[in-house]
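Residues in the sequence shown are numbered consecutively from 137, following this note's numbering. Below is one structure, written out as structure tokens; the observations come after it.
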Amino acid sequence: MKHVAGAAALSVVAWVMVGCASTEIKDSWRNPEATPESFQFEKILAMAIVDDIVTRRVAEDELVQVIERGEVVPSYTVLTQADLQNAERAKEKIQEEGFDGVVTLRVANVDKTVTYVPGSYAGPHSSFWGYYGYAWPTAYDSGYMRTDTVATIETNIYALNPEKLIWSGTSETFNPRTTREVVDDIARAVGAELMEQGLMAPK
137 MKHVAGAAAL SVVAWVMVGC ASTEIKDSWR NPEATPESFQ FEKILAMAIV
187 DDIVTRRVAE DELVQVIERG EVVPSYTVLT QADLQNAERA KEKIQEEGFD
237 GVVTLRVANV DKTVTYVPGS YAGPHSSFWG YYGYAWPTAY DSGYMRTDTV
287 ATIETNIYAL NPEKLIWSGT SETFNPRTTR EVVDDIARAV GAELMEQGLM
337 APK
């Protein structure tokens, strides 16, 4: 697995925003019994837990692209929207398809902060004309308000045979842009975390 990504309703707006994205793992948990062999799945279900079907498809398609070990299948090709509301039916279908691993992504929270960025400060100057030459060009630089968005994403990696949680992590993406870029950013961050924990070797 080159990269491995990570319960309210989610709209496209929560995933696709304007800005410069960066992702950092804030918290993670690993199963004490987990080893690199724990990630040797043969058939992986890529699942974005998202109400919006378009966002779900885009996110899962990107997960398929960034997970390189084993066969990876987006959940929307296996589970309908109706199936998602019926745990027993979903379980039956997943078992019928022979999946032995699942990677899930879920948006846990989206925060927006508004910050005032002050304009230029002239400060005192030893001469009037020196001050004049500096102050007037910046007279109308009065500062501005900046809105930043932080999306908290929960990523889980499950084994299904036997069923157990292998790894779980929470990441924060600062000013997320497109869904694809967010998923790829998370995948890189999670992959790096797994390698640091000795659970995955570089490809």
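Idealized CB from N, CA, C, for every residue including glycine.
Using the Cα positions of Ala-328 and Thr-288, report the straight-line distance between them to the nearest angstrom. Position 192 of the sequence shown, counting from 1, holds the residue named residue 328. Position 152 of the sequence shown, counting from 1, holds the residue named residue 288. Cα to Cα, the separation comes out at about 18 Å.
Should Ser-307 be labelled buried (16 or more other beta-carbon atoms within 10 Å of its own) or exposed? Position 171 of the sequence shown, counted from the start, is the residue given in the question as residue 307. Flag for Ser-307 reads buried.
Drop a sphere of 10 angstroms on the beta-carbon of Val-253, count the other beta-carbons inside from all chains shown, and report buried for 16 or more, exposed for fewer. For the purposes of this step, residue 253 is taken as residue 117 along the sequence shown, with counting starting at 1. In summary, Val-253 is exposed, with fewer than 16 beta-carbon neighbours lying within 10 Å of its beta-carbon over all protein chains present.
Please classify Tyr-294 as buried or exposed, where buried requires at least 16 other C-beta atoms within 10 Å of its C-beta. Walking along the sequence shown from the start, residue 294 turns up at place 158. Classification for Tyr-294: buried.
Can you tell me where the beta strand (DSSP E) holding Ile-302 begins and where it ends? Within the sequence shown, residue 302 is the residue found at index 166, counting from 1. First-last of the beta strand (DSSP E) with Ile-302: 299–310.
Distance between beta carbons of Ser-211 and Leu-181, contact taken as under 8 Å: In the sequence shown, the residue the question calls residue 181 occupies position 45. In the sequence shown, the residue the question calls residue 211 occupies position 75. About 5 Å separates the two Cβ atoms, so the contact holds.
What does the Cβ neighbour count give for Glu-196, buried or exposed, with the cut at 16 atoms within 10 Å? Looking up residue 196 in the sequence shown gives position 60. Classification for Glu-196: buried.
Please return the same chain residues whose Cβ sits closer than 8 Å to the Cβ of Asn-167, not counting the five positions on each side in sequence. Locating residue 167 in the sequence shown gives position 31, where the first residue counts as 1. Within the same chain, Asn-167 has close Cβ partners Ser-174, Lys-300, Leu-301, Ile-302, Trp-303.
Output the distance between the C-alpha atoms of Lys-227 and Gln-176, rounded to the nearest integer angstrom. By 1-based counting over the sequence shown, the position of residue 227 is 91. By 1-based counting over the sequence shown, the position of residue 176 is 40. Near 21 Å, if we compare the C-alpha coordinates of Gln-176 and Lys-227.
Taking Val-243 as the reference, give the member of Val-319, Ser-164, Met-336 with the closest Cα. Your numbering for residue 243 matches position 107 in the sequence shown. Among Val-319, Ser-164, Met-336, the Cα nearest to that of Val-243 belongs to Val-319.
Could you compute how far the alpha carbon of Thr-240 sits from the alpha carbon of Ala-325? Here residue 240 is taken as the residue at index 104 of the sequence shown, counted from 1. Here residue 325 is taken as the residue at index 189 of the sequence shown, counted from 1. Those two C-alpha atoms are separated by around 15 Å.
Which residue wins for smallest C-alpha separation from Gly-237, given the options Thr-309, Ile-161, Lys-179? The count along the sequence shown starts at 1 and reaches residue 237 at position 101. If we check each option's Cα against that of Gly-237, Lys-179 comes out closest.
Can you list, in chain order, the residues of its chain whose CB lies under 6 Å from that of Glu-247, leaving out five sequence neighbours each side? On the sequence shown, position 111 is the one that residue 247 refers to. Residue 247 is actually Asp in this sequence, not Glu. The residues are Val-286.
Roughly how many angstroms separate the alpha carbons of Val-190 and Thr-314, rounded to a whole number? In the sequence shown, the residue the question calls residue 190 occupies position 54. In the sequence shown, the residue the question calls residue 314 occupies position 178. Each residue's Cα considered, the two are about 12 Å apart.
From the DSSP output, in three-state form, read off Asp-219 for me. The residue given as residue 219 occupies position 83 in the sequence shown. DSSP places Asp-219 in helix when its eight states are reduced to three.
Name, in chain order, the residues that DSSP records as bridge partners for Asn-292. Against the sequence shown, residue 292 aligns to sequence position 156. Asn-292 is bridged to Thr-240, Ser-304.
Does Arg-282 have its Cβ less than 8 Å from a Cβ in chain B? No chain B is part of this structure, which consists of one protein chain only.
Within 10 Å of its beta-carbon, does Val-202 have 16 or more other beta-carbons around it, so buried, or fewer, so exposed? Locating residue 202 in the sequence shown gives position 66, where the first residue counts as 1. Counting C-beta atoms within 10 angstroms of its own C-beta, Val-202 has 16 or more neighbours from the protein chains shown and is therefore classed as buried.
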